[in-house]
Each structure stands twice: as C-alpha cells, then as structure tokens.
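Down below is the structure, laid out as structure tokens.
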Amino acid sequence: MLAKMKCSNCGAEMSNLNMSWGWKNLLMMVPIMLLGFLPLLKMTFFKGDVTKELTISDVQRRSADRGLEIVGLITNKGNRTWSGVTIEAEFFDASGAFVDEATEYLRADISANAQEHFKVTLMTPSAALSDPDTKMVVKVAGGHTSPF
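Structure (structure tokens):
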C-alpha cells in the first residue's frame, strides 16, 4: 500500500510529495545564518581590553583605623561600559621584591568617557607596607563589558 495525502483545498490525492531545497532557497539562508553568528563574533573578537580602556590616576596611600587605604580615580577612555572591575594594588620593597597585594571589586559600572573613585582597604597591613621605601603599583586587573 502506498501512502497518499489529500490536498486540504481541493481534496485531490497526492502520491508524490517533493520537499527539496533549491539553490535559491539555500542562498537566501546564508545571510540569515550569518546574522545569527554576529553576537558570537562580537563576544569573541570585539570584546575590548579592560587594561587599555581603563586608566588609574590620583592614587594616594593613607592610614586608617588599624589599616591602610589606597584611594584613586579610574577613568574609562573607551566607548564601552565596564562592570565588575577589579583593582589590584601590589607592594614591593626597596630591592624590588614582592611584599604583599590587595584587590578590590568595584560594584559600580563605569560608563564610556566617565570617571569613578575607588578605595582599596588593607585591614591588618604588615610593617613592611608602612616603610616609606615600599613601592606601590595600582592597576586594573579585570572587568566585563557587554558585547551588545
């Protein structure tokens, strides 16, 4: 027995049903497929570099209650909004040997061409950090931006 279908409009029986895709249909599907991959391309290749777009300035070290605070200003020189920015302060002694580090996570978003103040707090710093010869390097360690 052969399977047959009936036309919903005229009621005629159809014994052959052809569902082939011609080259014209495939040619129309290629741009649609490329549009679907556009967000993936943006997330992979055009995501930006947090260390190049965000700069730190006006860094000051000050004593606080039983601790040490580092305050400064972070500037977004790029055209993306950055969120989840991590700031890292590293300390080196007079000979250049690593002594300690502290990181702080900024909860605020930093819009394009905007500035944001930050504070990194060390609650119980070692005696080496209070030495005037101790060098401090503050940098942006990470961050996230939306590709859209």
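Note that the sequence shown covers residues 0 to 147 in numbering that gives the first Met the number 0. Built from N, CA and C at the ideal position, the CB exists for glycine as well.
Item: Between which two residues does the alpha helix (DSSP H) holding residue 109 run?; Value: Per DSSP, residue 109 belongs to no alpha helix (DSSP H) and is neither H nor E.
Item: Mind checking who residue 115 pairs with in its DSSP beta bridge?; Value: 73
Item: Report all residues from its chain with a CB closer than 7 Å to the CB of residue 79; omit the five preceding and five following residues, and keep chain order.; Value: 47, 52, 111, 144
Item: Which partner residues does residue 53 have in the DSSP bridge list?; Value: 75
Item: For residue 67, which residues from the same chain have a beta carbon less than 8 Å from its beta carbon, with the 5 sequence-adjacent residues on both sides left out?; Value: 60, 61, 120, 121, 124, 128, 129
Item: Considering only the beta carbon of each residue, do residue 72 and residue 86 sit closer than 9 Å?; Value: no
Item: Assign residue 44 to one of two classes, buried (16 or more other C-beta atoms within 10 Å of its C-beta) or exposed (fewer than that).; Value: exposed
Item: Could you round the C-beta distance between residue 90 and residue 100 to whole angstroms and report it? I think they count as a contact, below 8 Å.; Value: 7 Å
Item: Just to confirm my understanding: we take residue 107, look at its own chain, exclude 5 residues before and 5 after, and list those with CB closer than 6 Å. What are they?; Value: 115
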